[in-house]
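Quick notes on the structure that follows.
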Amino acid sequence: MKLVTVKAEGGESAAIVFRDKVTSIKTINEMEGKNWNTDLFSILQKDQLTEINLWYKEEGEDKLCHFPDIPVEEIRCAPLYRNPGKILGVGMNYMEKAIELSGRPPEEEPVIFLKPGTSLIGPEESIKLPLQSSEVTAEGELGIIIGKTCRDVKEKDASSVVAGFTTTLDMTAKDIHVKNPRYLQRSKSFDTFFSFGPYFMTVDEFPFLKDITVETVLNGEVCHQNVVANMMYQPWWIVSFFSNIMTLHPGDIIMTGTPGSVVIRDGDVVECNIHEFKRLQNPVSGSSLFV
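If you're matching positions, the sequence shown starts at 1 in the UniProt record's numbering and goes up one per residue.
What follows is the structure, given as structure tokens:
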């Protein structure tokens, strides 16, 4: 099942994407007599995703053809939700990227970081270049969305606590990080330095997760691409790793690393592109004195 959060009637609400059209959960509730939450974060928090997905697989695919809908090209997308509990990231997960940054292969355990909620933006919202940095980079990444509260999850069980996947963009003030590796957290934490959405896809849509190709795209040109199979730390391992450090909650987001970064400047448009997802695209606006 594929979901999106759309801007409508002065608010933001979850909707199912089906055959290039979108039907809101609110409409489904009205047509089916359901009482599901109408925003994705609450759906995850209330553990309603499994029930909605079951309805979609057993009945919804037939019924949605007859429900009121909106063509995908006419919707205005919002971030999937605005206030996740945690935004987590893994660095240097592809061999090429690790060697680019450190000059050596990745360690046995990954570099990790957190981003504040204030860094979050959605599709088509502007990335603001901070005055404190003269070199900001953007990275397309596969994002994991947690679906169950969990702690100390084994790698073999990790798929059972994951709700699904999305596209993400991770921005970094590279020049700040280069000054001192201890500045990593600061370099990642500026406002608008994390974007995700527009699509969320449930785990069952990915029988061959390792075959997914992740791309970082700048101004329409694919600059970096790689497949999940080439990750040093695979998605289920990453979930297990984080769960051994902290309790994970529904709606927590984990970025899994990038095939490569691009320097972004005022006027650029940067994208994360992953097959079957709608492209995550953000314009860049320059407030930097150095751009």
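Glycine included, every Cβ here is placed at the ideal spot set by N, Cα and C.
Work out the CA separation of residue j and residue i for me, nearest whole Å.
i           : j    : result
F113        : M232 : 17 Å
residue 319 : A14  : Residue 319 cannot be examined here, being either before or after the span of the chain that is shown, 1 to 291.
E51         : R265 : 44 Å
Q185        : K174 : 11 Å
G147        : S159 : 10 Å
V17         : V263 : 33 Å
R19         : C223 : 30 Å
V178        : V153 : 34 Å
V90         : C150 : 19 Å
M95         : P110 : 12 Å
K26         : K34  : 9 Å
D157        : S240 : 8 Å
V270        : E125 : 11 Å
C272        : T256 : 13 Å
L3          : V227 : 23 Å
E108        : E139 : 22 Å
Y183        : G60  : 49 Å
S133        : S119 : 16 Å
Y81         : V136 : 25 Å
D211        : S189 : 31 Å
P56         : M1   : Looking at the sequence provided, one finds Tyr at residue 56 rather than Pro. About 7 Å.
E155        : M246 : 15 Å
S288        : L54  : Reliability fails at S288, whose pLDDT of 43 lies under 50, so the model's placement of it is uncertain and no value is given.
I176        : S261 : 15 Å
I238        : L88  : 10 Å
V22         : T258 : 30 Å
I254        : L209 : 16 Å
I121        : S24  : 21 Å
L64         : G11  : 22 Å
G267        : N93  : 29 Å
T192        : N83  : 14 Å
K115        : S187 : 10 Å
V161        : A8   : 31 Å
F290        : L218 : With a pLDDT of 41 at F290, under the threshold of 50, the modelled position of this residue cannot be trusted; read the value that follows with caution. Taking the straight line joining both Cα atoms gives about 20 Å.
E58         : D69  : 19 Å
T172        : P181 : 12 Å
S243        : D62  : 38 Å
G286        : P123 : 18 Å
E32         : T216 : 40 Å
F277        : N230 : 20 Å
Residue i bridges to which residues according to DSSP?
i    : result
C77  : V6
P283 : V269
P71  : K21
M95  : Partner(s): none; M95 has no beta bridge.
I254 : L88 and I144
E13  : At residue 13 the sequence reads Ser, which differs from the Glu that was named. DSSP, once it has assigned bridges, lists V6 as partnering S13.
I264 : V136
I245 : Answer is none; I245 lacks a bridge partner.
I274 : V214
Measuring alpha carbon to alpha carbon, tell me which of the options ends up nearest residue i.
i    : options                   : result
I145 : D69, N226, D252 and K57   : D252
G220 : I121, K188 and N282       : N282
T213 : I28, R279 and I43         : R279
V284 : D211, F194 and T247       : F194
P250 : E12, S24 and L49          : L49
F206 : I254, D268 and H275       : H275
P198 : K86, Q225, F242 and V72   : V72
I43  : L64, R76, I70 and F200    : F200
E141 : P123, T166, L131 and P130 : T166
I127 : I254, M92, E74 and T168   : T168
G143 : C77, M171 and P235        : P235
L40  : R76, V203 and T5          : T5
V203 : Q225, T216, I75 and G164  : G164
Whole beta strand (DSSP E) elements within the segment 109-177, 3-residue minimum: Counting only runs of at least 3 residues, the segment 109-177 fully encloses the following beta strand (DSSP E) elements, listed from N- to C-terminal order: 111-115, 127-129, 136-146 and 162-173.
_Ordered list of alpha helix (DSSP H) runs contained in the segment 167-243, each at least 4 residues_ = DSSP runs (the alpha helix (DSSP H)) wholly in the segment 167-243: 174-179, 184-188 and 235-243.
- Message: So within the segment 20-56, which uninterrupted beta strand (DSSP E) runs reach at least 3 residues, ignoring any that extend past its ends?
- Response: 21-24
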